[in-house]
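The structure under discussion appears below in the form of structure tokens.
In this note's numbering, the protein residues as written are 1 to 625.
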């Protein structure tokens, strides 16, 4: 019964000595069973519980045989902490087979802790409920009040005990009682809207209290409600009614939104311009908090505005043309400028705000700023373009002029001069090369202009991409040799034919190769790869291991006439059209051009052509027939 038993069972003598105890005590209290056997049962009981434990044991020892009783004590764990244990004691002293008091022990520390937390939570709830300046009541699903705080008693004039059950309805004004009782029987699936009613003066003084009631449905079908005494607000409104009547005509003809709130943020007035601005009738907002629509922190002293009235004055300007953000009834936010003044009458402050919707003005300012930025960008682009054109056009023209002068000088030498023909041949070749360079620049500029104007048309036919790659590499063979750069081609043997403009594809691929060669280090390698991607697109990639660029400069590199290497000391030729033009040509084919680069690690330019460009054998034959 005791050995290897994981439950805690103990056998005690009538005087409280532990005769036997199960091995489960080691799991429960951390003490081995042999350490507790033979010891007094109260040796590990909390000092505050010892006397009660002894008394309970003595009672059970003289109780009828077979009877049992339950008690809760604190026992010391081997780690020094205390455990709450529920001990059930059964009198088996008369049973010769047992001859003792049988104890079964259960750890209820967790339940005790939960109970303590629950009691603490309830105490905090009651403290909070009694401290708040509004009335609070909690009712069950039948509308019977289970709890009411002292503030509610003060509002209704009834003692707290009289508010419980349905007694609180007795304090409601007779004219409002039926409506309030009907409203209280709500479906528990939703939270009702706030409602207002009156509490009748129970002393017969003829003064009724108007309240605002906000209810929230609970999961058990009950309701919790806060009841705020708004009588003072109503009285203030009555006092201001005459003044409002005089000013109403003026306010409603104003073009700006004008509204008045008190220090609690409750709305007192709202003119027609404000109704139009916020998209909500004034009647839906009067005497309710307005925090959702306007920035009250800009209207009240708590928002950082220190309000001080001059001696003898009751009004003061606290803000003029302050920028803020407001919110319409539909949730859209918009910029406003507001001016705020405060008035104080008999110790009460009211804040009047004049708001102007500056959405259109902000939009106009933004458009002007954008236009200014665009003009400045265009001016910078023009300057960049002029600088690039000045450099790139003057270089080949200077070559043409210089070598023409050499030719002119050679014309006076004898025809039989051995070096005359060779030097003239070199000059003519240099002039031709400079002319071709100048023509290429002009062609790129014209092509870019056609693309931007939408005037570039493709001459489409079946295209062998391997031939495109070979042609592009062949056109740049001498350029690569001058740069001491090797160009290698890695192409799938089974690339399908595509429908496209072969000349434009060679031009785009040539631009990428030329760019890669230009920015490669002497002795470097440029790799052209052509393959069919897993997603069905055709990819042509040009990779160099040259100077590269920063990732944030990639967008600039794809901008026409942009130069990453600027200034009079720039080391690389070009007008900045190679990559942008290649990108436009790929877009005309329905494809893309992307760059992947890091500074000092080279660059990879990848052309992707869509599967719709791939042609079948039958389509190729039909196009050739």
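Glycine included, C-beta positions come from ideal geometry on N, C-alpha and C.
DSSP bridge partner residues for residue i (one or two, in chain order)
i	result
residue 232	BP columns for residue 232 are empty, so no partner.
residue 196	212
residue 92	100
residue 138	147, 224
residue 361	DSSP lists no partner for residue 361.
residue 554	Note: residue 554 sits in no beta bridge, so no partner.
residue 354	258, 339
Backbone secondary structure at residue i - three-state DSSP
i	result
residue 445	helix
residue 22	coil
residue 262	strand
residue 475	helix
residue 59	helix
residue 240	helix
residue 204	Legend: pLDDT at residue 204 = 48, less than 50; position of this residue unreliable, no value from coordinates given.
residue 542	strand
residue 16	coil
residue 623	helix
residue 500	strand
residue 43	helix
residue 11	strand
residue 109	helix
residue 369	helix
residue 168	helix
residue 124	helix
residue 611	helix
residue 177	helix
residue 466	helix
residue 75	strand
residue 580	helix
residue 219	coil
residue 288	coil
residue 547	coil
residue 492	coil
residue 115	helix
Residue environment, residue i, which counts as buried when at least 16 other CB atoms sit within 10 Å
i	result
residue 616	exposed
residue 95	exposed
residue 278	buried
residue 11	buried
residue 260	buried
residue 275	buried
residue 607	buried
residue 271	buried
residue 58	exposed
residue 351	buried
residue 478	exposed
residue 348	exposed
residue 353	buried
residue 586	buried
residue 131	exposed
residue 312	Bear in mind that a pLDDT of 46 at residue 312, under 50, signals an unreliable position, so the model cannot answer this.
residue 299	For residue 299, the pLDDT reaches just 48, beneath the cut-off of 50, and the residue's location in the model is therefore unreliable, leaving the point undetermined.
residue 238	exposed
residue 223	buried
residue 315	Its pLDDT being 49, under 50, residue 315 is placed unreliably by the model, and the measurement read from it follows with that caveat. With fewer than 16 Cβ atoms within 10 Å of its Cβ, residue 315 is classed as exposed.
Test item: CB-CB of residue i and residue j under 8 Å
i	j	result
residue 60	residue 101	yes
residue 152	residue 137	yes
residue 234	residue 215	no
residue 65	residue 87	no
residue 529	residue 520	no
residue 68	residue 54	no
residue 212	residue 196	yes
residue 678	residue 473	Absent from the structure is residue 678, since the part of the chain shown begins at 1 and ends at 625.
residue 524	residue 544	yes
residue 169	residue 180	yes
residue 511	residue 581	yes
residue 78	residue 30	yes
residue 108	residue 82	no
Cβ distance (whole Å) where residue i is taken to contact residue j below 8 Å
i	j	result
residue 557	residue 595	7 Å
residue 28	residue 8	5 Å
residue 527	residue 490	6 Å
residue 326	residue 340	About 13 Å; that fails the 8 Å criterion.
residue 509	residue 548	Not a contact, Cβ separation roughly 20 Å.
residue 280	residue 329	4 Å
residue 13	residue 25	Not a contact, Cβ separation roughly 17 Å.
residue 468	residue 584	With a Cβ gap of about 17 Å, residue 468 and residue 584 do not count as contacting.
Cβ of residue i within 8 Å of any chain B Cβ
i	result
residue 9	Among the chains of the structure shown, chain B does not appear; only one protein chain is present.
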